[in-house]
Every structure is written in structure tokens, then in C-alpha cells.
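**Q** Following this message is one structure expressed as C-alpha cells.
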Amino acid sequence: MTAFATYPSLQDRAVLITGGATGIGATLVEAFAAQGAHVGFIDIDTAAGNALVATLAGARHAPVFVTADLTDIPALDRAIATLREHTGPIKVLLNNAANDKRHTIAETTPESWDAGIAVNLKHQFFAAKNVAADMKANGGGSIVNFGSVSWKLKQGGMPVYTTSKSAVQGLTRSLARDLGAFNIRVNTLVP
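Our numbering applies: residue 94 is where the sequence shown begins, and numbers increase by one.
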């Protein structure tokens, strides 16, 4: 008997995690692998991703890692296609990747604004768009978009991050409305 709950419905389920090499993402990879899921994850940190795969090599299904810059949407699509070859059609998407780099209003440029939106919001939409076809074809699925409490707490010192994370709420509601008819559940998790 283990000290943790087991979820039989996750066994053999194809799970895609963005930003899975470190932090919250690595914990998600570990937890889903422990449940027996087919885990694929994407991250820009090659060394950390490979180290995590090596650590979990003994799992029922060893996780599969692809290095990709999620702000490059064609690279994101290629990474998802590669993972799909190993995991099968994606049933669960965890849009975890983000960067909460601190910055002031005065330091924010049009380029840094676009970069912040790309890493914290844009890829969430395009990853969901990509895997929605899998989920529709297989009777449903689950998309979890990671937001942040920063905007609710009126936290300063990172206006692009808080703006993009507040937009995750709107994105989630829009996707839930449009994909719900296909038995695709879309939620925001706010760590």
C-alpha cells in the first residue's frame, strides 16, 4: 500500500505537460508517471529534461522529453507531434510553462511585452488548439491552463506576467465554452 492516492483512470492515459523539466512542471511529470500515465513533456531546458527522464526511467511508462521553445509555435507543433508518436493521442494537456521574470513598467519594451505574452499565454492557446483534435476524436479530454494569483493580489513588479496570467482566465472560459460540447473539460489552476 502506498501513502498516496492512486487514480486508475490515469493509467495508460496520454498526458502532455509544457514546461515539465523543472519546478511545478517536473513535479507534475513525476506524479503522472507514478500513476502509470504515458507522459510527454516539453521544455527549453535540455539538461534538466534529460535528467528528469533518467530519474524516472523505471516508471511503468518512462516519460518522453522533447526540447522546444514554446514561444516558437511551429516548434511547439513539431514537439507535440513527436510526443504523440510515443504517447498516442493526447487526452490530458497541462499548460504549465511560464516565466515570471520581474520587471518594471519603465523597463517594458514592445519586444519584452511580446516575449512575455508568448511565454505565459500564447503557447497555451496553440497547444490546446493542437491537441483538441485528439480529444475530439477520442470522446473528450482535459486541458488545464496554469494561471497565477499575482493579478488577483494586485502584485506589482511584473506587469506583463500579471497581464498574461489574468488573460489565462479568459482563454480558459472561451476554450471551455467552445470545446465543452466535445466532452473536453478546460480549467485554470492557480498555484
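Backbone N, C-alpha and C fix where the C-beta goes; we use that ideal spot for every residue, glycine too.
Could you check which residue in Phe125, Ile198 and Leu145 has the C-alpha nearest to that of Ala98?
**A** Mapped onto the sequence shown, residue 98 falls at position 5. Checking every option, the nearest Cα to that of Ala98 belongs to Phe125.
**Q** Identify every run of the beta strand (DSSP E) within the stretch 94-139, keeping only runs that are complete inside it and at least 3 residues long; order them along the chain.
**A** The qualifying runs are 107-111 and 131-136.
**Q** Starting from the C-beta of Val242, find all residues in its chain whose C-beta is less than 6 Å away, skip the five residues before and the five after it, and write them out in chain order.
**A** As a first step, residue 242 is located in the sequence shown; it is residue number 149 there, counting from the start. Here the set comprises Val283.
**Q** Could you tell me the distance, in whole angstroms, from the CA atom of Val185 to the CA atom of Ala226?
**A** Within the sequence shown, the letter at position 92 stands for residue 185. Within the sequence shown, the letter at position 133 stands for residue 226. Approximately 12 Å, taken between the alpha carbons.
**Q** With DSSP as the reference, label Arg171 as helix, strand or coil.
**A** As a working note, residue 171 is residue 78 in the sequence shown. In this structure, Arg171 counts as helix in the three-state DSSP scheme.
**Q** Quick check on the DSSP output: the beta strand (DSSP E) that includes Ile236 runs from which residue to which?
**A** For the purposes of this step, residue 236 is identified with residue 143 of the sequence shown, where counting begins at 1. Here the beta strand (DSSP E) through Ile236 covers Gly234 to Phe239.
**Q** What is the DSSP secondary structure of Arg278, counted as helix, strand or coil?
**A** Here residue 278 refers to the residue found at position 185 when the sequence shown is read from its first residue. When secondary structure is reduced to three states using DSSP, Arg278 falls in the strand class.
**Q** Across which residues does DSSP place Val185 in a beta bridge pair?
**A** By one-based count along the sequence shown, residue 185 stands at place 92. In DSSP, Val185 forms a bridge with Val108 and Ser235.
**Q** According to DSSP, is Thr160 helix, strand or coil?
**A** The residue labelled residue 160 in the question sits at position 67 within the sequence shown. Residue state, collapsed to three classes: strand.
**Q** Between the Cα of Pro101 and those of Gln128, Thr120, Leu121 and Thr115, spot the shortest distance and give me the residue it belongs to.
**A** For this step, residue 101 is matched to residue 8 along the sequence shown. With distances taken between Cα atoms, Pro101 lies closest to Gln128.
**Q** Determine whether the beta carbon atoms of Thr115 and Ala150 lie at a separation below 8 Å.
**A** Indexing the sequence shown from 1 puts residue 115 at position 22. Indexing the sequence shown from 1 puts residue 150 at position 57. No, the Cβ-Cβ distance between Thr115 and Ala150 is not below 8 Å.
**Q** So does the stretch 270-278 actually touch the stretch 205-215, counting three or more Cβ pairs closer than 8 Å?
**A** no
**Q** Given a threshold of 16 other Cβ atoms within 10 Å of its Cβ, counted over all protein chains shown, does Met94 qualify as buried or as exposed?
**A** Within the sequence shown, residue 94 is the residue found at index 1, counting from 1. In this prediction, Met94 scores a pLDDT of 46, lower than 50, which makes its location untrustworthy; the coordinate-derived value is nonetheless stated afterwards. Classification of Met94: exposed, given that the 10 Å Cβ count is below 16.
**Q** Would Phe219 pass as a contact of Leu176 if the rule is Cβ separation under 8 Å?
**A** On the sequence shown, residue 219 is found 126 positions in, with the first residue counted as 1. On the sequence shown, residue 176 is found 83 positions in, with the first residue counted as 1. The answer is no: Cβ separation not under 8 Å.
**Q** When DSSP labels each residue in this structure, what does Gln248 get in the three-state scheme?
**A** Translated into positions along the sequence shown, residue 248 becomes position 155. The three-state reading of DSSP puts Gln248 in coil, since its state is none of H, G, I, E or B.
**Q** Once you ignore the five residues that flank Ala152 on each side, which residues in its own chain have a CB closer than 6 Å to its CB?
**A** In the sequence shown, counting from the first residue as 1, residue 152 sits at position 59. Only Ala126 meet the Cβ criterion.
**Q** Would His216 pass as a contact of Ala190 if the rule is Cβ separation under 8 Å?
**A** Your numbering for residue 216 matches position 123 in the sequence shown. Your numbering for residue 190 matches position 97 in the sequence shown. A contact, by the Cβ cut-off of 8 Å.
**Q** By Cβ distance below 6 Å, which residues in the same chain neighbour Ser235 in space, the five residues on each side in sequence not counted?
**A** Against the sequence shown, residue 235 aligns to sequence position 142. Around Ser235: Val185 and Arg278.
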